[in-house]
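Report on the following structure.
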Amino acid sequence: MKKLALLLIIIGALNWGLIGLFQFDLVATLFGGGSQEGLFARIIYTIVGIAGLISIAFLFDSNKE
4 MKKLALLLII
14 IGALNWGLIG
24 LFQFDLVATL
34 FGGGSQEGLF
44 ARIIYTIVGI
54 AGLISIAFLF
64 DSNKE
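Mapping of the sequence shown onto my numbering: position 16 corresponds to residue 19, and the numbering continues sequentially without gaps.
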């Protein structure tokens with residue numbers, strides 16, 4: 004679960020980097036037909052957001068793997 008959340012966060016961070024540097028939204032291009040309003044793009048954004056929320060708990064997890 005932790006690795007999946009981390010992977011999704013990395014994908015989200017790379018996408019934000021592309022948006023910031025090149026004004027290119029890879030998620031919207033792949034899943035929303037170039038629009039952030041597309042259903043599949045919104046689903047991907049939601050999944051990445053949930054992964055971010057899950058990862059907040061990792062900051063306070065005292066158990067080290």
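We put the beta carbon where it would ideally sit given N, CA and C, even for glycine.
> Taking the alpha helix (DSSP H) that Gly23 falls in, what are its first and last residues?
Replying inline: Lys5 to Phe25
> In angstroms, rounded to a whole number, what distance separates the CA positions of Phe61 and Ile12?
Replying inline: 13 Å
> In the structure shown, what three-state DSSP assignment does Phe63 receive?
Replying inline: coil
>> Do Ile46 and Val30 have their beta-carbon atoms positioned less than 7 Å apart in this structure?
In response: no
>> On the CB-based measure, 16 or more other CB atoms within 10 Å of its CB, does Asp64 come out buried or exposed?
In response: exposed
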